[in-house]
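The next block holds one structure in the form of structure tokens; read it before the comments.
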Amino acid sequence: MSNKMKNKKQFETEAIRTQLERTDFLEHTSPLYLTSSFVFEDAEDMRASFSEEKERNIYSRFSNPNTSEFVDKICKMEGAESGYAFATGMSAIFSTFAALLDSGDHIVSARSVFGSTHTLFTKYLPKWNIETSYFNINEPETIESLITPKTKILYAESPTNPAIDIIDLEVLGHIAKTHNLILIIDNCFATPYLQQPIKFGAHLVIHSATKLIDGQGRVLGGVTVGNADLIREIYLFSRNTGPALSPFNAWTLSKSLETLAVRVDRHCENALKVAEFLEAHPKVNWVKYPFLKSHPQYKVAKKQMKLGGNIVAFEVKGGIESGRKFLNAIKMCSLSANLGDTRTIVTHPASTTHSSLAEADRLVVNISDGLVRVSVGLEHADDIIQDLDSALND
Numbered sequence: 002m003s004n005k006m007k008n009k010k011q012f013e014t015e016a017i018r019t020q021l022e023r024t025d026f027l028e029h030t031s032p033l034y035l036t037s038s039f040v041f042e043d044a045e046d047m048r049a050s051f052s053e054e055k056e057r058n059i060y061s062r063f064s065n066p067n068t069s070e071f072v073d074k075i076c077k078m079e080g081a082e083s084g085y086a087f088a089t090g091m092s093a094i095f096s097t098f099a100a101l102l103d104s105g106d107h108i109v110s111a112r113s114v115f116g117s118t119h120t121l122f123t124k125y126l127p128k129w130n131i132e133t134s135y136f137n138i139n140e141p142e143t144i145e146s147l148i149t150p151k152t153k154i155l156y157a158e159s160p161t162n163p164a165i166d167i168i169d170l171e172v173l174g175h176i177a178k179t180h181n182l183i184l185i186i187d188n189c190f191a192t193p194y195l196q197q198p199i200k201f202g203a204h205l206v207i208h209s210a211t212k213l214i215d216g217q218g219r220v221l222g223g224v225t226v227g228n229a230d231l232i233r234e235i236y237l238f239s240r241n242t243g244p245a246l247s248p249f250n251a252w253t254l255s256k257s258l259e260t261l262a263v264r265v266d267r268h269c270e271n272a273l274k275v276a277e278f279l280e281a282h283p284k285v286n287w288v289k290y291p292f293l294k295s296h297p298q299y300k301v302a303k304k305q306m307k308l309g310g311n312i313v314a315f316e317v318k319g320g321i322e323s324g325r326k327f328l329n330a331i332k333m334c335s336l337s338a339n340l341g342d343t344r345t346i347v348t349h350p351a352s353t354t355h356s357s358l359a360e361a362d363r364l365v366v367n368i369s370d371g372l373v374r375v376s377v378g379l380e381h382a383d384d385i386i387q388d389l390d391s392a393l394n395d
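The sequence shown begins at 2 in the working numbering and counts up one residue at a time.
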């Protein structure tokens with residue numbers, strides 16, 4: 002066995018043992034570096050640092066020890082060369098696209114993307130003459146017909162929000178390589194514990210760390226990791242525009258990663274039980290969960306994911322009004338816009354997050370009037386199921 006293989010640690014160990022060098026105080030866990038800037042030994046040290054002849058911390062908008070530790074962990078988990086951490090998931094998405102695209106460039110994206118990402122593609126990027134063409138996530142064979150000489154980025158989420166569709170990352174990787182495109186995958190729902198898109202050809206991976214990476218509804222954060230040359234462009238853009246993650250949030254998220262594997266294991270165990278319960282419920286039309294055999298992309302999910310994740314989507318019989326009635330009858334689970342929390346969260350997209358869309362537009366991305374999204378938490382599965390059952394039967 003090579004020394005490299007001997008030194009390679011398992012996912013859970015990297016999450017816990019990747020940390021900053023200890024100071025003279027020999028602290029067991031990394032300290033907080035709540036400082037806006039860093040001092041220099043002399044004029045030459047300052048000059049060499051700003052010219053990047055020396056790699057060191059200058060200003061926490063550029064880098065900070067806590068942020069570096071968090072990014073280093075995510076890079077090891079995703080198999081990435083480099084990364085940069087942001088104040089939120091959306092700042093990660095915007096900064097990644099803004100840093101890599103020029104006026105006249107073109108994006109090919111799955112239509113099933115987070116609402117704010119869709120707004121970015123359709124309202125803001127067009128201001129800079131950057132256009133987006135959408136493909137149906139269930140029709141990947143149409144992707145190549147959308148690619149033009151101006152296409153620079155291929156983008157997708159998998160699993161999608163909120164309909165929990167799965168796209169074959171290997172197929173996307175092949176298309177990106179064939180057409181020399183930058184493949185960017187939003188891996189928020191899966192986390193690096195369940196899925197590593199770089200293995201399938203992704204050049205960059207984005208996370209809203211606010212979700213399962215934090216896992217306890219405490220802080221906001223985002224991160225982009227991947228190819229070092231691409232990250233360099235993202236870093237330079239972000240260094241000048243200022244969307245950096247705060248040191249405190251970085252410290253919190255780095256500590257959260259130490260329990261990511263055990264938390265996600267339980268999330269997935271609970272979610273599968275909830276999905277199986279809902280699939281047998283008489284007031285439910287259908288259920289979508291990646292590791293249910295009834296999921297249309299079950300085989301793809303099993304190929305590229307370790308477990309099925311914590312999000313379950315299902316359709317309540319009776320449409321929008323039944324969906325509202327179901328939410329009003331929930332007693333224990335939370336009604337919130339977040340997901341990936343220790344607490345189970347229930348959302349009815351048609352009457353809340355996607356209510357501004359016409360029904361026809363919602364149906365294009367598989368958001369029916371009765372669709373309910375459940376972010377299954379860490380409570381006992383029996384208690385989650387009892388609350389859902391009571392609300393459905395109310």
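C-beta: ideal position from N, C-alpha, C; glycine also.
Per DSSP, reduced to three states, the secondary structure at Val206 is strand. Take the alpha-carbon of Ala330 and the one of Ile214: they are about 30 Å apart. Leaving aside the five residues that flank Met306 on each side, the residues in its chain whose CB is nearer than 7 Å to its CB run, in chain order, Ala191, Leu195, Gln196 and Pro291. Collapsing the DSSP output to three states places Gly222 in coil. Closest in alpha carbon position to Met78, among His119, Thr14 and Ile185, is Thr14. According to DSSP, residue pairing for Phe87 in a beta bridge involves Gly223 and Ala245. The alpha-carbon separation between Thr68 and Glu22 amounts to approximately 14 Å. Buried is the label assigned to Asp342, since at least 16 other Cβ atoms lie within 10 Å of its Cβ.
Nearest neighbour of Leu182 by Cα position, chosen from Pro150, Gly243 and Ser209, turns out to be Pro150. Looking at the DSSP output, His107 shares a beta bridge with Glu132 and Thr152.
Non-local C-beta neighbours of Ser104 in its own chain, meaning closer than 8 Å and more than five positions away in sequence, comprise Trp129, Asn130 and Ile131, ordered along the chain.
The alpha-carbon of Pro193 is positioned some 27 Å away from that of Thr242. For Arg23, no beta strand (DSSP E) segment is defined, and its DSSP state is neither H nor E. Taking the C-beta atoms as reference points, Ser159 is found no nearer than 8 Å to Ile148.
With contact defined as three or more Cβ pairs closer than 8 Å, the stretch 222-236 and the stretch 198-209 are in contact. Taking 8 Å as the cut-off, the Cβ atoms of Leu155 and Leu126 do not count as close. It is roughly 24 Å from the alpha-carbon of Phe12 to the alpha-carbon of Thr161. If only complete runs of 4 or more residues are kept, the stretch 261-320 shows the alpha helix (DSSP H) at 261-280 and 299-305, in order along the chain.
Tyr125 sits in a helix when the DSSP states are folded into three classes.
If you draw a straight line from the Cα of Asn58 to the Cα of Leu121, it comes to about 32 Å. In the DSSP annotation of this structure, Asp388 is not part of any beta strand (DSSP E); the continuous alpha helix (DSSP H) holding it starts and ends at Ala382 to Asn394. With a 10 Å radius around the Cβ and a threshold of 16 neighbouring Cβ atoms, Asn65 comes out buried. For Leu195, there is no enclosing beta strand (DSSP E); the enclosing alpha helix (DSSP H) covers residues Thr192 to Leu195. Under the criterion of beta carbons closer than 8 Å, Ile385 and Val377 qualify as touching, at roughly 6 Å.
With 16 or more other Cβ atoms inside 10 Å of its own Cβ, Lys289 counts as buried.
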